[in-house]
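Undergrad: In numbering that gives the first Met the number 0, the protein residues as written are 0 to 151.
Below is the structure I would like to discuss, written out as structure tokens.
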Amino acid sequence: MTGKFETTFEVDRPVDEVFAYLADGRNDPEFSPRVLRIERVPDTPTAVGTVFRSTVKDAAMKTGREIRITAFEAPAKLRWAEESKNLVTAREGGYDLEPLANGRTRVRFYNVLEGHGLGKLLVGLALAAAREDAVGFGARIKAAAEAGIAPR
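Listed below in structure tokens is the structure:
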């Protein structure tokens, strides 16, 4: 079983700066409390092929994650796919960014979750939790990006 969750929100910062902030996955702990540690491999600017290795905590379990960037089209589109072998993975995900008036940016975030093995039974629960938190997750990304990017 697979399923998708998504959210759309607006950030009070210019699209190029929001894209740069989101493309650096090392910022993820600022808005995702599940991310305990993250590194970029190689430690060079993010591009197609860059991998973000992280330790995350889901339901009191720590797991290792490897997310590879699959599309990088600044400042409008960022895509990824999880390569790690966990019970539930993000088969694909991404950000779509759109410039708005007054230096604002509309961001759409999504993930497609997929269960593997026993995870096929758990993916529905993971999707329900992610969908329930989607608006809150978007709000946390907005707050972190606005705090991390100086206003012009």
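We treat Cβ as the ideally placed atom computed from N, Cα and C, and that holds for glycine.
1) Considering only the alpha carbon of each residue, which of F136, K76, L121 lies closest to T1?
2) Take the Cβ of V47 as the centre, count every other Cβ of all protein chains shown within 10 Å, and call the residue buried at 16 or more, exposed below.
3) Nearest-angstrom Cα distance between R107 and L117?
4) Suppose only complete runs of 3+ residues qualify. What are the beta strand (DSSP E) ranges in the segment 57-145, listed by chain order?
5) Quick one: is T160 buried, meaning 16 or more other Cβ sit within 10 Å of its Cβ, or exposed?
6) I want to know whether the segment 31-44 touches the segment 95-114 - three or more CB-CB distances under 8 Å.
7) Rounded to the nearest angstrom, what separates M60 and A100 at their Cα positions?
8) Judging by CA-CA distance, which residue of F4, F18, E5 is the nearest neighbour of E145?
9) Kindly indicate which three-state DSSP category F18 falls into: helix, strand or coil?
10) Give the single residue among G123, R25, L112, E131 whose Cα lies nearest to the Cα of G147.
11) From which residue to which residue does the beta strand (DSSP E) around I37 run?
12) In three-state terms, what does DSSP make of R25?
13) Let me confirm a value: L124 is counted as buried when at least 16 other C-beta atoms fall within 10 Å, else exposed. Which label applies?
TA: The relevant details are as follows:
1) Distance check between T1 and each of F136, K76, L121 places L121 closest, using alpha-carbon atoms only.
2) exposed
3) 30 Å
4) 60-72, 76-81, 87-99, 103-114
5) Nothing can be reported for residue 160, as the shown portion of the chain is limited to 0 through 151.
6) no
7) 43 Å
8) F18
9) helix
10) R25
11) 34-40
12) helix
13) exposed
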